[in-house]
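Contents: one structure, followed by commentary.
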Amino acid sequence: MLSKNQIKLIKSLSQKKGRQQNRLFIVEGIKGISEFLKSDYTLKHLYTTQSLFEAPKRLISEISEADLKKITALKNPNTALAIFEIPEQISAQEKGLIVALDDVRDPGNLGTIIRLCDWYGIKNLICSYNTVDCYNSKVVQATMGSLTRVNVQYVDLPNYLGSCETDVFGTFLNGENIYTTTLPTEGLIVLGNEANGISEAIEAKVGRKITIPQFGTVKATESLNVANATAILLSEFRRRTIEK
Numbered sequence: 001m002l003s004k005n006q007i008k009l010i011k012s013l014s015q016k017k018g019r020q021q022n023r024l025f026i027v028e029g030i031k032g033i034s035e036f037l038k039s040d041y042t043l044k045h046l047y048t049t050q051s052l053f054e055a056p057k058r059l060i061s062e063i064s065e066a067d068l069k070k071i072t073a074l075k076n077p078n079t080a081l082a083i084f085e086i087p088e089q090i091s092a093q094e095k096g097l098i099v100a101l102d103d104v105r106d107p108g109n110l111g112t113i114i115r116l117c118d119w120y121g122i123k124n125l126i127c128s129y130n131t132v133d134c135y136n137s138k139v140v141q142a143t144m145g146s147l148t149r150v151n152v153q154y155v156d157l158p159n160y161l162g163s164c165e166t167d168v169f170g171t172f173l174n175g176e177n178i179y180t181t182t183l184p185t186e187g188l189i190v191l192g193n194e195a196n197g198i199s200e201a202i203e204a205k206v207g208r209k210i211t212i213p214q215f216g217t218v219k220a221t222e223s224l225n226v227a228n229a230t231a232i233l234l235s236e237f238r239r240r241t242i243e244k
């Protein structure tokens, strides 16, 4: 049975303040937990309704489905909930292809972008301080374990880009056509806020503006979802490396 203190701690991790104070975050579901257990992340404790995981017994508590419902953030609890330690932030190396996010707020978008980075072999994801926390439980859930393979770093983005020595690309409606322009194998791609795009402060740091052209004739759609745009951009950048 879960104690009141255990429930209180787990509930506090649904908030960024609680995660920062305790340096802990939540992972739910068999797939996600299994990925984190195989990684360098440190397990704090695992609560499960079934004996499915390989971890030190002292760190595992078998609980009832009723108890799992008390601590889960999901509408339909998925067998297990684990608490992992938040590691110290690792500075990104300016090598290869890098993605940077300017004020992306939606947890689902960030989680999907982390999965896309994992799929396309992007090792480093740079985020502005006002981008949603990558240890938000909805973000973690959406990554499906990819967070264990992508280094996410939060920075003062204008200052970071100002000292960046690689080519900086930004997504704008009036940029170069992504399908016809010459793209390098290395560089940093900036994507902006869901509603407002890239801020003026970041735009001033962008060396090359690129765009995904719209082919629809009605032109009623103002912009692409930021995660969808990320998928197209990474596909194009990676495709050029195959063609060379």
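Note that this note's numbering has the sequence shown beginning at 1, numbered continuously upward. In this text, a Cβ means the ideal position worked out from N, Cα and C, and glycines have one as well.
Thinking just about the alpha-carbon of each residue, which of Ile7, Lys209 and Ala201 is nearest to the one in asparagine 168? Numbered from its first residue, the sequence shown carries residue 168 at position 168. The question names asparagine, but residue 168 is valine in the sequence shown. The candidate whose alpha carbon is nearest that of valine 168 is Lys209.
Do valine 132 and proline 107 have their C-beta atoms within less than 7 Å of each other? Along the sequence shown, read from residue 1 onward, the residue named residue 132 stands at position 132. Along the sequence shown, read from residue 1 onward, the residue named residue 107 stands at position 107. In this structure, proline 107 lies closer than 7 Å to valine 132 by Cβ.
Do valine 140 and valine 27 come within 7 Å of each other at the CB atom, strictly closer than that value? In the sequence shown, counting from the first residue as 1, residue 27 sits at position 27. In the sequence shown, counting from the first residue as 1, residue 140 sits at position 140. In this structure, valine 140 lies closer than 7 Å to valine 27 by Cβ.
Spatial neighbours of asparagine 225 within its chain, please: CB distance less than 8 Å, with the 5 preceding and 5 following residues excluded, ordered by chain position. Within the sequence shown, residue 225 is the residue found at index 225, counting from 1. Taken in chain order, the residues that qualify are Asn109 and Glu194.
Counted within 10 angstroms of its Cβ, other Cβ atoms place aspartate 102 as buried (16 or more) or exposed: The sequence position of residue 102 within the sequence shown is 102, counting from 1. Buried, by the Cβ-count rule.
Grouping DSSP H, G and I as helix and E and B as strand, with all else coil, what is phenylalanine 237? For this step, residue 237 is matched to residue 237 along the sequence shown. Judged by DSSP in its simplified three-state form, phenylalanine 237 adopts helix.
For isoleucine 189, list the residues DSSP reports as bridge partners. Indexing the sequence shown from 1 puts residue 189 at position 189. Looking at the DSSP assignment, isoleucine 189 forms a beta bridge with Val99 and Phe169.
Between Gly18, Gly32, Ile71 and Ala201, which has its C-alpha nearest threonine 148's C-alpha? As a working note, residue 148 is residue 148 in the sequence shown. Per the Cα distances, Gly32.
Threonine 49 vs leucine 68 beta-carbon contact at 7 Å: Locating residue 49 in the sequence shown gives position 49, where the first residue counts as 1. Locating residue 68 in the sequence shown gives position 68, where the first residue counts as 1. Annotated as proximal: threonine 49 and leucine 68, with beta-carbon spacing under 7 Å.
Own chain, CB closer than 7 Å to alanine 55, minus 5 neighbours either side, in chain order: Here residue 55 is taken as the residue at index 55 of the sequence shown, counted from 1. Correct list, in chain order: Leu37, Leu43 and Leu46.
Under the three-state reduction of DSSP, which class applies to phenylalanine 25: helix, strand or coil? If you number the sequence shown from 1, residue 25 lands on position 25. Reduced to three states, the DSSP call for phenylalanine 25 is strand.
My output table needs one value for leucine 81: the three-state DSSP class, helix, strand or coil. Within the sequence shown, the letter at position 81 stands for residue 81. Leucine 81 falls in the strand class under three-state DSSP.
Counterpart residues of leucine 59 in DSSP-defined beta bridges: Counted from its first residue, the sequence shown places residue 59 at position 59. Leucine 59 is not bridged to any residue.
Inter-residue Cα distance where the pair is aspartate 156 and glycine 175: Numbered from 1 along the sequence shown, position 156 holds the residue referred to as residue 156. Numbered from 1 along the sequence shown, position 175 holds the residue referred to as residue 175. The alpha-carbon atoms of aspartate 156 and glycine 175 are separated by roughly 25 Å.
Cβ-Cβ distance between valine 190 and glycine 170 below 7 Å: In the sequence shown, the residue the question calls residue 190 occupies position 190. In the sequence shown, the residue the question calls residue 170 occupies position 170. A contact, by the Cβ cut-off of 7 Å.
In terms of residue numbering, what span does the alpha helix (DSSP H) encompassing threonine 112 cover? Stepping through the sequence shown from its first residue, residue 112 is reached at position 112. Where threonine 112 is concerned, the enclosing alpha helix (DSSP H) stretches over 107-119.
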